[in-house]
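Okay, structure first, notes after.
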Amino acid sequence: MIQRIQTIFLFLASASFFGLFGVPLATSNDTMAGIFADKIYNIFDNPVLLGITIVGGLLALITIFLFKNRPLQKKLVYGVMTMGIIFIIVALLLVFQDNQSDLTANINEQFGIGLPILAILFGIFANRYIGKDDKLVKSMDRLR
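Counting from 1, one number per residue, gives the positions in the sequence shown under our numbering.
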């Protein structure tokens, strides 16, 4: 049902993805070529990161409204978590690939690097409560 707790977790997962539009992933004090050319690393530095962020956020929002089809909802939550994992892998690969040219660069992680991790955690919690909701509905069907 839409008023269940998994709705809150899915909304928080979506907010975690869309929060990446406002916060940087990392900063650097040194001016380098590549993603740290402006000393800030955010999702706008790579179109793949931007696409993953949009898909992950929209997928979490769409999943909220599929409360009548819980098996599909669980599969889409796995997709949201997969988007979070792919985002982390791509973001780290880009940093390490860009940092190989200048190994003395000072890179400072920012709050944005934790948002995909939060989205994954919220997806885990949402999946758990979707499963509990499914069990509750099945037990009520048995009582009829």
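Ideal Cβ positions, reconstructed from N, Cα and C, are used throughout, including at glycine. Here the structure is a predicted model, which is why all the values come from computation and not from measurement.
Below 8 angstroms on the Cβ atoms is my guess for Leu25 versus Ile113; work out the distance and round it to an integer in Å.
About 5 angstroms; that satisfies the 8 angstroms criterion.
Is it buried or exposed, Pro71, if we count other Cβ atoms within 10 angstroms and call 16 or more buried?
The residue is exposed, with fewer than 16 neighbouring Cβ atoms inside 10 Å.
On the three-state DSSP scale, how would you describe Ala26?
Strand at Ala26.
Express the C-alpha separation of Met32 and Val55 in angstroms, rounding to a whole number.
Taking the Cα positions, Val55 is about 30 angstroms away from Met32.
By DSSP, does Asn127 sit in helix, in strand, or in coil?
Secondary structure of Asn127 (DSSP, three-state): helix.
Give me the residue from Phe36, Ala15 and Val137 with the minimum Cα distance to Asn106.
Its Cα nearest to that of Asn106, the residue Phe36 stands out among Phe36, Ala15 and Val137.
Given a cut-off of 8 angstroms on the beta-carbon distance, is the pair Leu49 and Val90 in contact?
Their beta carbons are under 8 angstroms apart, which means Leu49 touches Val90 by this criterion.
If the criterion is Cβ atoms closer than 8 angstroms, does the pair Phe9 and Ala126 meet it?
Judged by their CB atoms, Phe9 and Ala126 are nearer to each other than the 8 angstroms cut-off.
Mind reading off the beta-carbon distance from Thr7 to Ile62? Whole number of angstroms is fine, and I expect it under 8 angstroms.
Rounded to the nearest angstrom, the Cβ distance from Thr7 to Ile62 is 12 angstroms, too far for a contact under 8 angstroms.
For the candidate residues Gly57, Thr27, Leu58 and Val80, whose alpha-carbon lies nearest to that of Asp45?
Closest option to Asp45, Cα to Cα, is Thr27.
So who's on the other strand from Asn108, going by DSSP bridges?
For Asn108, which the question treats as bridged, DSSP gives the partners Thr27.
What are the boundary residues of the alpha helix (DSSP H) that includes Ile8?
Bounds of the alpha helix (DSSP H) holding Ile8 are Ile5 to Phe18.
Closest by CA to Asn108, which one among Asp30, Leu118, Lys68 and Ala60?
Asn108 has its Cα closest to that of Asp30, out of Asp30, Leu118, Lys68 and Ala60.
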